Amino acid sequence: MTTMSWAAHPVGDAEVIQLSLDESERFSAIFDTYFGEIHRYVAQRLGADHAEDIVAETFLTAFRKRARYDPSLASVRAWLYGIATNLIGKHRRFEVRTLRALGRYGVDTDIPGHEEQVAAQVSAESLRPSLAAAMAGLNQRDRDVLLLVALAGLSHEEIATALDIPYGTVGSRLNRARKKLRATLGGTNPILESEEAGRG
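For the sequence shown, the residue numbers in the numbering used here are 347 to 546.
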């Protein structure tokens, strides 16, 4: 009966978080809504093998910290991307290794079993080899901002809130990342065009 009531009166994400403080099972709606999206983002950055654990930890962290969530500061979606990005940061060496592997070898579907190649296959949808190699040369903070725009489509304001950095810092990191990629690649590229389109 309670479940029917939830379905009959749909609520927003922020309200679901609030309701989950007393009825923890409500949080499953957040998981169901955003799992696929967050999983794709993490898989594109770290590969499929690492994505499951990071995404599980993302939602566990969100559940544990849900009492501190402030809807006036960020949407639930941006909040989850912030948690996931911070967790990805703990694996920055692996991410750089993955990007370098894709830059060196591209996608090779004929040689299974190598973790770097599996990760490269997942990342290949959004990163060409030359771009992946250039991305590996960015520092972690600049790469985080660039990929939150390019892969997640977050606005500058959402990124500032998600990463707990000043709004102006988002722009400066994004500009620095774009300049470095352009210098490395000698022109425009798909991720920069995607990023530009996502700024609006």
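Backbone N, C-alpha and C define an ideal beta-carbon position, used for all residues, glycine too. Quick caveat, the model's predicted, so the values are computed rather than measured.
### Task
Check whether the Cβ atoms of A397 and V388 lie closer than 8 Å to each other.
Taking the first residue of the sequence shown as 1, we reach residue 397 at position 51. Taking the first residue of the sequence shown as 1, we reach residue 388 at position 42. Cβ distance < 8 Å, so A397 and V388 count as in contact.
### Message
Out of I363, L527, H437, which one is the CA nearest neighbour of A478?
### Response
For the purposes of this step, residue 478 is identified with residue 132 of the sequence shown, where counting begins at 1. Ranking the options by Cα distance to A478, first place goes to L527.
### Message
Could you check whether L492 and L500 sit closer than 8 Å to each other, using their CB atoms as the reference points?
### Response
Counting from one through the sequence shown, the residue named residue 500 turns up at place 154. Counting from one through the sequence shown, the residue named residue 492 turns up at place 146. It is not a contact, given that the beta carbons lie outside the stated cut-off.
### Query
Buried or exposed: E371, going by 16 or more other Cβ atoms within 10 Å of its Cβ?
The residue labelled residue 371 in the question sits at position 25 within the sequence shown. With fewer than 16 Cβ atoms within 10 Å of its Cβ, E371 is classed as exposed.
### Query
For the alpha helix (DSSP H) that K525 lies in, which residues bound it at each end?
Position 179 of the sequence shown, counted from the first residue, corresponds to residue 525. Residues 513–531.
### Message
If distances are taken between C-alpha atoms only, which option among D399, R386, R412 comes closest to V362?
### Response
For this step, residue 362 is matched to residue 16 along the sequence shown. Looking at the Cα atoms, R412 is the closest of the given residues.
### Task
Leaving out five residues on either side along the sequence, give the residues of the same chain with a beta carbon under 6 Å from the beta carbon of T530.
Position 184 of the sequence shown holds residue 530. Excluding sequence neighbours, T530 sits near A480.
### Query
Do A420 and A498 have their CB atoms nearer than 8 Å?
Along the sequence shown, read from residue 1 onward, the residue named residue 420 stands at position 74. Along the sequence shown, read from residue 1 onward, the residue named residue 498 stands at position 152. Cβ distance not < 8 Å, so A420 and A498 don't count as in contact.
### Query
Measuring CA to CA, which of A506, F409, R522, P417 is closest to D368?
As a first step, residue 368 is located in the sequence shown; it is residue number 22 there, counting from the start. Closest option to D368, Cα to Cα, is F409.
### Task
Check the C-beta distance from R391 over to I434 and give it rounded, since I have them as a contact under 8 Å.
Locating residue 391 in the sequence shown gives position 45, where the first residue counts as 1. Locating residue 434 in the sequence shown gives position 88, where the first residue counts as 1. Indeed, because the Cβ distance is near 6 Å, the residues count as touching under 8 Å.
### Task
Look up L494 in the DSSP assignment and say whether it is helix, strand or coil.
Your numbering for residue 494 matches position 148 in the sequence shown. Note: L494 maps to helix in three-state DSSP.
### Cβ-based burial, E548 [other Cβ within 10 Å; buried from 16]
One cannot answer for residue 548 here, as it falls past the ends of the chain, which runs 347 to 546.
### Query
Taking just the CA atoms, how far does L426 sit from L365?
Within the sequence shown, residue 365 is the residue found at index 19, counting from 1. Within the sequence shown, residue 426 is the residue found at index 80, counting from 1. Their backbone Cα atoms lie some 18 Å apart in a straight line.
### Query
When burial is assigned at 16 or more other CB atoms within 10 Å of the CB, is R450 buried or exposed?
Your numbering for residue 450 matches position 104 in the sequence shown. If you draw a 10 Å sphere on the C-beta of R450, you find fewer than 16 other C-beta atoms in it, and that means exposed.
### Query
Which first and last residues belong to the alpha helix (DSSP H) in which N432 is found?
As a position in the sequence shown, residue 432 is number 86, starting the count at 1. Annotation for N432: the continuous alpha helix (DSSP H) segment containing it runs 422–435.
### Query
Sorted by chain position, which residues of the same chain lie with C-beta nearer than 6 Å to L445's C-beta, five sequence neighbours on each side aside?
Walking along the sequence shown from the start, residue 445 turns up at place 99. Spatial neighbours of L445 in its own chain (CB-CB distance under 6 Å, excluding positions within 5 residues in sequence) are listed in chain order as A478, M481, A482.
### Query
Thinking C-alpha only, which one of L484, A430, D416 is nearest L406?
For the purposes of this step, residue 406 is taken as residue 60 along the sequence shown, with counting starting at 1. Among L484, A430, D416, the Cα nearest to that of L406 belongs to A430.
### Close beta carbons around I400, own chain, < 7 Å, minus the five adjacent residues each side
In the sequence shown, counting from the first residue as 1, residue 400 sits at position 54. Answer for I400: V388, L392, A430, L433, I434, listed in chain order.
### Query
Can you check whether the CB of R487 is closer than 8 Å to the CB of R585?
An answer regarding residue 585 cannot be provided, because it is not within the stretch 347 to 546 covered by the chain.
#### Entry: Status (buried if at least 16 other CB within 10 Å, exposed otherwise) for Y513
The residue labelled residue 513 in the question sits at position 167 within the sequence shown. So Y513 counts as exposed.
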